[in-house]
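**Q** For reference, the structure I am asking about is given below.
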Amino acid sequence: MVFTDEQLAIKSQQGDKQAFEELIRRYQKPVFTICCRYLGNSQDALDAAQETFIRLYNKLALFDGNNTFRPWLYKITVNIAKDLIKKRKPWEELDFSIKSDLGDPQANIELTQVQEEISKALLKLPEKYRMAVILRHIKELEYQEIANVLNLPLNTVKTHVRRGRDMLRIQLKEVEL
């Protein structure tokens with residue numbers, strides 16, 4: 255039987271370790287991706303992702319089964335990434351390496367170059383636009399879910415996504431993507 259995320263969260267609250275492990279399996283890659291896009295550094299992203307699951311475990315009792323699990327988890331993820339940025343030293347280097355498992359080496363190189371340019375462009379966006387764009391277009395959350403994650407009004411989220419997309423479009427035109 256396949257359980258929903260919300261059912262797994264409730265089972266985890268009741269002490270079911272396998273349910274919690276399944277949540278980690280389902281979300282370790284998306285959480286890492288958000289952290290990586292947000293922080294621009296794979297080592298910091300790994301630390302933030304691990305901290306996200308530790309905090310998730312500690313705060314699981316606060317999850318209300320009537321709400322959607324994914325935006326709740328992403329809110330934890332974003333808050334941890336923000337905390338890490340506040341602690342970060344300004345001279346720390348950003349790591350734009352992105353892995354791909356395409357068979358064609360030339361296509362792999364081209365894809366990696368495109369992904370690097372997109373990552374660089376994302377990191378140049380103001381934080382409020384960056385997170386909105388990442389959650390909308392990379393994590394594919396609905397606008398209302400993003401509003402819940404970021405604690406913003408719905409129309410503000412829509413504006414942030416639109417402005418972020420516009421800024422990305424301009425930046426990517428400059429590098430001819």
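The sequence shown lines up with residues 255 to 431 when you count with the working numbering. Here a beta-carbon is modelled for each residue, glycine too, at the ideal position from N, C-alpha and C. Quick caveat: nothing in here was measured; it's all calculated off a predicted structure.
Assign GLY418 to buried or exposed, taking buried as 16 or more other Cβ atoms, counted over all protein chains shown, within 10 Å of its Cβ.
**A** It counts as buried.
**Q** Cα separation between ILE264 and ASP318?
**A** Approximately 8 Å between the Cα atoms of the pair.
**Q** Which same chain residues end up closer than 7 Å to LEU206 when comparing Cβ atoms and leaving out the 5 residues on each side of it in sequence?
**A** Outside the shown range of the chain, which is 255 to 431, sits residue 206, and nothing can be said about it.
**Q** Does the beta carbon of ARG324 fall short of 7 Å from some heavy atom of the ligand GTP?
**A** For the ligand GTP, the structure offers nothing, since it holds no ligand at all.
**Q** Go ahead and label GLY294 buried or exposed: buried means 16 or more other beta carbons lie within 10 angstroms of its beta carbon, across all protein chains shown.
**A** Label assigned to GLY294: buried.
**Q** Hey, which unbroken runs of the alpha helix (DSSP H) at 4 residues or more fall wholly within the region 292-347?
**A** Complete alpha helix (DSSP H) runs here, min 4: 296-313, 323-341.
**Q** Between the C-alpha atoms of LEU316 and LYS340, what's the straight-line distance to the nearest angstrom?
**A** If I take the Cα positions, the gap works out to 25 Å.
**Q** For THR331 and ILE288, what's the separation of their Cα atoms in angstroms?
**A** Approximately 8 Å, taken between the alpha carbons.
**Q** If we count the other Cβ atoms within 10 Å of its Cβ and call it buried at 16 or more, is PRO344 buried or exposed?
**A** With a pLDDT of only 45 at PRO344, under the threshold of 50, the placement of this residue in the model should not be trusted; the figure read from the coordinates follows. Per the 10 Å Cβ criterion, exposed.
**Q** Are at least three pairs of beta-carbons, each pair with one atom in the region 384-399 and one in the region 295-314, less than 8 Å apart?
**A** Cβ pair count under 8 Å is below three, so no.
**Q** Suppose only complete runs of 4+ residues qualify. What are the alpha helix (DSSP H) ranges in the region 373-420, listed by chain order?
**A** For the region 373-420, whole alpha helix (DSSP H) runs of length 4 or above, ordered along the chain, are 381-387, 397-404.
**Q** Kindly indicate if chain B contains any beta-carbon less than 8 Å away from that of ILE308.
**A** Absent from the structure: chain B. Only one protein chain is present.
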